Structure formats: structure tokens, C-alpha cells
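Chains as they are written, first to last, in this note's numbering: chain A, 1 to 365; chain B, 1001 to 1365; chain C, 2001 to 2365. We put the beta carbon where it would ideally sit given N, CA and C, even for glycine. Computed from a predicted model, the values in this text were never measured in an experiment.
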Amino acid sequence: MFAGTPSRLWIDHSLKFAFGIETPLSPQTADDIYNQIATRLGEPDLLPLAILDRANVEVIATTEFALDPLHHHQSMLEQGLIGRIRTTYRPDDVTDPSRPAIVENLQQFSALTGENVSSWPGLINAHRQRRETFRRFGAIATDHGVPNAMTADLALVEKQALLDKILSGKHDATDAQLFRAQMLTEMALLSVEDGMVMQIHAGSSRNTDPLLFAERGPDLGADIPTPTDYGNGLRALLGRCGNEPNLRLLMFVLDETTYARELAPMAGYWPSLMIGPPWWFHDSPQGIRRYLDQVVETAGFYNLAGFNDDTRALLSIPARHDVWRREVCGFLARWIAEHRLSASAARDVAVHLSYQAAKDAYRIG
Amino acid sequence: MFAGTPSRLWIDHSLKFAFGIETPLSPQTADDIYNQIATRLGEPDLLPLAILDRANVEVIATTEFALDPLHHHQSMLEQGLIGRIRTTYRPDDVTDPSRPAIVENLQQFSALTGENVSSWPGLINAHRQRRETFRRFGAIATDHGVPNAMTADLALVEKQALLDKILSGKHDATDAQLFRAQMLTEMALLSVEDGMVMQIHAGSSRNTDPLLFAERGPDLGADIPTPTDYGNGLRALLGRCGNEPNLRLLMFVLDETTYARELAPMAGYWPSLMIGPPWWFHDSPQGIRRYLDQVVETAGFYNLAGFNDDTRALLSIPARHDVWRREVCGFLARWIAEHRLSASAARDVAVHLSYQAAKDAYRIG
Amino acid sequence: MFAGTPSRLWIDHSLKFAFGIETPLSPQTADDIYNQIATRLGEPDLLPLAILDRANVEVIATTEFALDPLHHHQSMLEQGLIGRIRTTYRPDDVTDPSRPAIVENLQQFSALTGENVSSWPGLINAHRQRRETFRRFGAIATDHGVPNAMTADLALVEKQALLDKILSGKHDATDAQLFRAQMLTEMALLSVEDGMVMQIHAGSSRNTDPLLFAERGPDLGADIPTPTDYGNGLRALLGRCGNEPNLRLLMFVLDETTYARELAPMAGYWPSLMIGPPWWFHDSPQGIRRYLDQVVETAGFYNLAGFNDDTRALLSIPARHDVWRREVCGFLARWIAEHRLSASAARDVAVHLSYQAAKDAYRIG
């Protein structure tokens, strides 16, 4: 959908990495390159696991909804692939009441877990149980796709009343927002219990083209970032458990104005909070520069989560990591040249942000 | 009013371009430079059309309100100047109910067009007719100066009720906002019909100094940009006709935080939407750098509208275009040096953004 | 609390400046450096006044609340130190009704000044009197720490009703906000009278960690910047007295998105408004670059207030000024290299922003 230059960088890199094609893609070369790709696609070194080997991918994670039966992961478990491939607990299907199927989903959630999700403690138990199941399939993290970063910390009686309303199907947009906000805090509390790393992907307005939505359904594009308020948004969650040593909260950000204003000071203060890598539109050379420029001085290098990406384009993964490494090194080199960092300290930071930071952030190995 | 450095760049460039003066302006040289200018002003090569010739200006546009009789353009039509000089349809006088004269203006609009503007279809017909008249005087575009980017898409019965309220003079600020929002969508629908390029200049809070306002009246300064929400703001308009091939929407932006967060993703998605050049306070070297940095990776080079400016200072036009060309070339040169773009691709983009992009954006020639 | 790199720059600079230690601080060198510091601390050249001498500090200001008895300043007056050391009038203790002790504080304010602060004119007289007292202890400025930049300009009857409510202790958060907003305008009006420079430090959300607050009390950390609206916020104050030649208003900013969008245009327009130096999280190399990049072209160099900082870490003061001077010179050098500024003009600006600008901004000497 996007005509931006990063995708061009990734295409060139992928053509070379996967197919050995170094001819630049152009109207003149397109047919020939197409044929070369078509010829090569059936070869065994282009099977997914072979590509992961070639790209030195140690761990790759999928995300599944709470109701997902994890059949593929069961099969991968039997093949001994779990560990290198891991699921991630993304319970948006049972935490977001703006979904038309929310009541049905909550009923399935009850059936799947045997918990009575019409009581708040039962609902939390159902999550507790699914998180445990997901961990058997390698899950080390949860993921939460939310329109904004609002969190809440209600009294039990309020939570139960809210749940009753959702289950009766009589909730409005304000109730849905409050339920999502409360569920983020509940997920953080469960992370305090079980140590799963909590990822929040906030701030996208989804499905903004009614024509696309009518033709193809939800979550297929026209997603536009919105201003996001992390300071007030996360206040309830962090006030409740932000100092817990077992909590690790990774923020993925689309509103770059919050880097220096909110997230870097918050990551500097809260031991649980780390800033995730530049995400989506900002997973690009200029995007990474703006990110480092705005977060490092206040948050420090060691409150960053290193780099990962959430692409579905398998072949672009090496290119994306390569861009990150180059930009980190470029940033550090400028600081060395300005005598703001010694070459040896910069080398340590470069190694850390290129590789170890992501493993540390996700508590791997 | 502003003591910024861009104006200094423009002054130096203009003194040289128009008067051949290369002495830097300073307290010591001011009187002498004043005398040189005064002596030269009467010479024929400083008449407006001679300046346009010397600056190689192919097309220059004025903007007139919907009620403007276009007398000057009638005269220019008779002189064969229309085409090089073009009017632009800027109907703020009949679309903005916050103007004290709005009821009177709508009555004049009715008298001028013979349409019954007290019915919604009549009001739209009056616009349709004036747009056609403006096109006879070279208009290829409309322009809309609005405090924010809010749009609406109401049902006819709601639109008629709103119009009734405006015409009765009993509207409040909320009604005025809704009317402006609806009129933007109506203008987009008329652009779908007639192909006129739609320009939105949004996000300035006007007349913020009551002393200046009391002494000199409206629209004479103290205009301060405000945070502007393009994502939610344009949603109604784009949802209604954003996929129409005949719609071309150019956004002029004062809130730079929206470049990367909202406008670049939106320009990447919507075929009708282009990002206009850096505007007003941002029509400057650093402003252009921030603009390119934040829009290009997501929107691509070819969703930008090239460069124009809305200065009233005729002699600063060559300087402004020169700054744009230099900054574009500087930006591309950095990408070449970083091996992110080939020299030949960069040359194509440089030529495009320096010249052809603006003609393409306005569908000229 | 913050692991950012600026603090590292300041530590290295301070160790060298104050103790002559050039060994980089590291786990290996920490004990030895600790011992060197402990040995040196008792020596006379490390007494505060000796440090000010060594750092060539001409003037340093403290800030005291309106109710402060200024005992230390009385003692400094007797020692002839006032002038080099100056108090600053920071009346948050009697202007912020969100403080639990506000009613008691206002009663003390009455007792201290002999004014009847239950009438609005009496309240203003009490401020007028305290400002005069502070000036006897060198005060040339007032300072206002506010969560946002909202100002108000109410009619006297409304102001009195608001004051009655505050004094009855029945005010809510909205009343407290309105009182703070009105008091900013009152302080500006008193500055018009007495010429004291008005500093506004706006936009921090204080005490966001309830655990820290419970353990240690207010104003000890977890302060996170918030989006701040200067355009609408300052409108009432500036509309009332923004054109007064005697008013000087310095804005300290945590929301960098307002630099180019609001504050630079406002500083360009309003003769009373200057942009203060990069503050708090932004008092750093990258922070200063973003500041200069975004304010200079529109506001000009001469609407900036030069540099000061509000650190409590005495030994970091030389480092902070050094960073400012280096960044200003780096910024100007890039403009010289790009032929945007002559070397001699840049030298004037460098000298001005490094030294004279701060004295001019505070009307010293």
C-alpha cells in the first residue's frame, strides 16, 4: 500500500538475500526478475525454516488470540520446533468489547477454560489458565493491540458491573474503552505473577476506509496513527504495579511526539517500563534516527528493548535488522566523533542494541 | 512581523535578484540601499509582469472569494493574461458562519448566481455555478482556509436544518464548525464532478491579539498555529469520496507533528490525498528538512505536491523556490552518499520535485 | 533517577572541573574516585562560593515561595552577597489551590503582609508587597510552576467569587485550575507595574508514582511532561497585556512539539514573549539541537533568552553551560558552512547567546 523508500530498501535487500538477484528492480527488469523468482521458489533453500537458518534467526514469535486452539503450535511442539518458534498471548478477542463477537467470544473463553467468566475472578482465572497453556507452546510474552494507552484500576464491584454490562451486550463505546483499560491492568498483574513480558501496541485508528471495510472486512488496511497519551494513559497501571520487579512492559509507539515528552522520562523512572523498537511506519532509517535522537538522552541506552519487527514479510526480516544495526552504529559513530562517547563504550552499546538487548528485554536465555 | 532568518535569506536574494544589490543589508548600508531601490523602482523591468518573466514564472495564481466580481481577471482575460495568471476559488466568505456578514454574504451569493441558497441543493448549485465561472478565469483549484481539518457527511435533512439555522443568524460556534466541516465535503464532491484541485489550509488560530484586531481589523496578523487532527478530521470526507479518481486533495500543514503520524500514512493510503509543500512558518531550510525527513519514507516522493508558496511578497518567490530546490537536492545527496538511492534515481526525483511535481499536482499542462 | 547520557557528560565534566579527576568513572575506578572526592571535599576551594568564583558565575538565583521568611537571604544581605545571589518570587504556595494547605497558606499570607487577602484587591496587594520585599533581596524575576499554560482574565466579580470558594475550602479541581490561570494574568499585570521578569515553567505532571508519594511526599520525582497548549493557554494573559513594553515573559517548555508550532510564532509576534532555554529533559546536546532547529527560523535568535538551568547540582552548572555554548556554536557553524550566515554575524550571535542574552533577558546590568 505504501510507496515509501524503506520498502524499496527491503525489496532490494530481499532479492539479493533470498534469490541472489542484484539487478535493480525496474520496469525494464521486472519480467526477468519475476521469472528468476518463480524458478527458484520451489527449491528447498527457500522453505521457511531454511530461510530462518540462512538469516541466523534464533527465535521467531507468532501471535495468537486467546481462543486460538494452537493446532499449528501443537504440531511444531511434536517436531521440536517450539523454543525457536514461540506463540504470543494476544487476548484482544476477549478483551476488546468493540468486537461484534465479544459476547460469543467470552462464552467460548468459558467453554475452553472451564472457568465461569461471568464473574470477574473467573474471567481472570481463564486468562491465567490460557497464559499457562500458551507458555507450554513457548510463549514468553503477551501482546495487546489497543487504540490508545488508557488503563484503569477499578474496584472489584465496578469491574463486575462493567463485565455484567459487556456480557449483556448493552455496552457502549465508553464501556468498551473502560473494559480494555481495565484489562491492560489485569494483564500487567498477571505478568507480575507469571513473568510474561507485556507488549502494548497502541495508537492506531483501524479500518478508516469504509469502502475497503465493506469489500474486504476488518484489519486489512487504512490504519492511521493517532495522538496517544502515555502519561495519563498508563498512570493507573503503573500506579498499581509499575514498581514490581517481575513486571516488564514494552511500549510500541506510533506517535513520535511521545518519545521525548513522555516515554523517555517514564522509561527513565519506572523500572518496569522499556521503550520498544521503532514500529511500523517508523521502522526505517529516518524513523530510527528520530527515535534514537529523542529517547536515548533521557531513557539511556539500557532502557531500550533492542530491535524486533512485526512484519509478515519473512524475507524482509534480515533487511530490517540490518537497517537497525546500521542506524545504531551511525548514531554511535556521530557521538564518538563528537567526543561524547568513547569508542569502546560505543562498541559495547552497539553489540548490546544489535543483539543482546532484545534477548534481555524478552528474558530469553 | 517575524525576525526569523528565512526572511533574511529572502531579502538578500531579492535585493540581488531584483536590484542587483549585493551589499549585505545592515545599519551602515540601509540608507544607501534604500536610495538604490527608490531610484530603480520606476524602471520598466520592475513592473510585475517583467518580474514574472525574469523569474521564469509560468503560472501564478491569485485567490478570490466566492462573491468576488473578478473585475481584474476580466481585464486580464481581455489582455490574454489568463492562463499564466489564474484565479482560485476560495469560498470562505460563504462557507464560514463565524464571519459576522455570513447571512448577508449568502444573500449576495443568491443574488449573484440566481440560485435559491436557502435550500441545500440550491446552495450547492450556487457553488457549482461560481466554480464554473472561476474556471473561465483560469481557476484550476479551490482553496479553503479553515481553523481545523474537521469534515462532516450529514444527511440532507440535517444539512437543511443547519442551513436554516445559519440563515436565521441564530447559530453558535458549534453550528459554525459543523457547517464548515460539511462544506469541505461538499467542495470535495464538487471537485469529483469538475476536477478542480482542492487545497486545504488548516490549523491557524487567527486574530489572537485583540489590540491589533481592534486597531486594524481581521486577518492582519497574530495568527498562531494550533494542534490539528487530520486523522479524525478528514475521516468523513475521505470516507465519502477519498477513493474517487477525480478527487485531488492537497493538504497544507502548520502542525508538523502530523507529518509522520497522520499525513504520510494517509497520503500513502488514499489515492486522492497529496501532501502540499511546507507552508508559512515551515517554508524555510530547516522546515523543509523536517518535512522531507518525516514524510518521504512513508508517503514516498510521488505523493508530494512539489513546491509553491502563498507569499504576497512577489520578489521573494525566486528565493523561496531556490531554497526548496537546494534542500531537496541536499536531502537526496545525503541519501546518495548513504547508498540509499542511486544518483540517477535521485536526479529524476530532484527534477520532479523541483518542477514537474507542482504541475502534476495541479493538473497543469 | 535517569540513566541518560547527559548526566554522564555532566559527571565527567564535574569530576574534572571540581576535583581534577580525569579517570573515566567505571566499576573498576569507582572506589578510588570516591576516596579522592571524600579527601578533597573538606578543602576550602570546594566551598560553594569558591566554586562560583572558579566557574565565573556572576549571578545565581534561588527561588522562594511567597511565604518564605527569606532568613538566609537576610544573612546574605548582611554579608554583601545579594546581587550575586538573588531570590526569585515563586508564589505557588499561595496561587495553587490544589495544595492541601492553600487556605492556611492564604491566611499566613494575610498575616505576613497585613493585607486582607479575602478581598481580591487585598490579595493582589499582598503579592505587590511581597514582590517588593523580594526585590530587596535581589529578586529580578518571578517563577511559576504550573501543570499547564492556561491563563484567564475574569471580571472582578468572578474573581472575588472564585476567591471566596477557595477560602471556604469548597473548591474542586476546575476551580483550582481557574484560580491558577487567573493568578498568572495577575502576576503579569504586576510585572507590568514593577518590571519583574516573569518565568513560566509549565507542563509537568507531578507525583505520578503513588508509592513514591506515600513513602517520601510530594515533589520528589516521577514527574512526567504532558502535552501543553500555549496558543490557547496564554491567550487571555497576552490579550490583556502582551503588548506592554514593561512585560517580559519567559517560557520554559517540556513539550517540544510546541517549539515550532506555537512558541516560535508567538515569540515572533508578541514583544513581551521570549523562549527560555531548553529545560530539564531537553537541557542536553540533542535537546538543544532540536530546540535551535525548531525555534530559530521563526522566532529569530534575539527572541531567545540565552541559557540558564534550574539544576540543584551545583557542580554540573559549568558543564551545562559548556554544552549550550558548544551546541550553539555547532549550529551556527553548520549555517556558516551552508552559506546561510556570515562568519562575523555568527560570531555576534554566538557571543550573544552564550553570555549577553541571559543578562538581557533578565534585565541585569
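Assignment of T258 (chain A) by DSSP, reduced to helix, strand and coil, places it in the helix class. Under the three-state reduction of DSSP output, M2266 (chain C) falls in the helix class. Taking a beta-carbon distance threshold of 8 angstroms, G1221 (chain B) counts as an interface residue toward chain C. Separation of I1021 (chain B) and Q1036 (chain B) (C-alpha to C-alpha, rounded to the nearest whole angstrom) is 8 angstroms.
Take G114 (chain A), set aside five residues on each side of it, and no residue of its chain has a beta-carbon closer than 7 angstroms to its own. Residue range 141-146 is occupied by the beta strand (DSSP E) that includes T142 (chain A).
Taking a Cβ-Cβ cut-off of 7 angstroms, the neighbours of D1293 (chain B) in chain A comprise Q286, given in sequence order. The CB of E1078 (chain B) never comes closer than 8 angstroms to any CB in chain A; the least such distance is about 44 angstroms.
Pairwise C-beta distances place the segment 214-233 of chain A in contact with the segment 244-260 of chain A, as three or more of them are shorter than 8 angstroms. Per DSSP, reduced to three states, the secondary structure at L184 (chain A) is helical.
Excluding its 5 nearest sequence neighbours in each direction, R2008 (chain C) has no C-beta neighbour in its own chain below 6 angstroms. In the structure shown, I2102 (chain C) adopts helical secondary structure according to DSSP, grouped into three states.
Within chain A, the residues whose beta carbon sits less than 9 angstroms from that of T1257 (chain B) are P227, D255, E256, T257, listed in sequence order. G1306 (chain B) is not a Cβ neighbour of A1345 (chain B), given a cutoff of 8 angstroms. Per DSSP, I2200 (chain C) is not a residue of any alpha helix (DSSP H); the beta strand (DSSP E) it occupies stretches across 2197-2202. Positions of the alpha helix (DSSP H) runs, each at least 4 residues long and wholly inside the segment 1009-1048 of chain B, are given as 1030-1040 in order along the chain. For chain C, the residues of the segment 1194-1215 of chain B that bring a beta carbon within less than 8 angstroms of one of its beta carbons are S1205, T1208, D1209, P1210, L1211, in chain order. For the C-beta of I2224 (chain C), the chain A residues within less than 8 angstroms are, from N- to C-terminus, G231, E262, P265, M266, Y269.
Each residue's CA atom was taken as its position, placing L81 (chain A) and L52 (chain A) some 12 angstroms apart. In this structure, DSSP gives A313 (chain A) a state outside helix and strand, which the three-state scheme calls coil.
Think of a sphere of 9 angstroms around the beta carbon of G1276 (chain B): no beta carbon from chain A falls inside it, the nearest being about 17 angstroms out.
Closer than 8 angstroms to the CB of F1017 (chain B) there is not a single CB belonging to chain C.
One alpha carbon belongs to A1152 (chain B), the other to R2248 (chain C), and they sit about 43 angstroms apart. Here T2063 (chain C) has T2088, R2090, D2143 as same chain residues with Cβ atoms under 6 angstroms from its own Cβ, once five neighbours each way along the sequence are excluded. The Cβ neighbour count for D32 (chain A), taken over all protein chains shown within 10 Å, is under 16; the residue is labelled exposed. In the displayed model, I288 (chain A) falls within a helix according to three-state DSSP.
Leaving aside the five residues that flank H321 (chain A) on each side, the residues in its chain whose CB is nearer than 7 angstroms to its CB run, in chain order, F307. D1093 (chain B) is not a Cβ neighbour of R1180 (chain B), given a cutoff of 8 angstroms.
Taking a contact to require three or more Cβ pairs closer than 8 angstroms, the segment 255-274 of chain A and the segment 229-237 of chain A qualify as touching.
Between V2059 (chain C) and I2317 (chain C) a beta carbon distance of about 12 angstroms is seen, past the 8 angstroms cut, so the two are scored as non-contacting.
When secondary structure is reduced to three states using DSSP, I224 (chain A) falls in the strand class.
Not a single C-beta of chain A is nearer than 8 angstroms to the C-beta of F2252 (chain C). Take the alpha-carbon of L2163 (chain C) and the one of Q177 (chain A): they are about 37 angstroms apart. CA-CA distance, L2077 (chain C) to G2145 (chain C), rounds to 26 angstroms. Annotation for F301 (chain A): no alpha helix (DSSP H) segment contains it, and DSSP assigns it neither H nor E.
Chain-order list of chain A residues neighbouring F2281 (chain C): A260, R261, A264, P265, G268, E297, T298, by C-beta distance under 9 angstroms.
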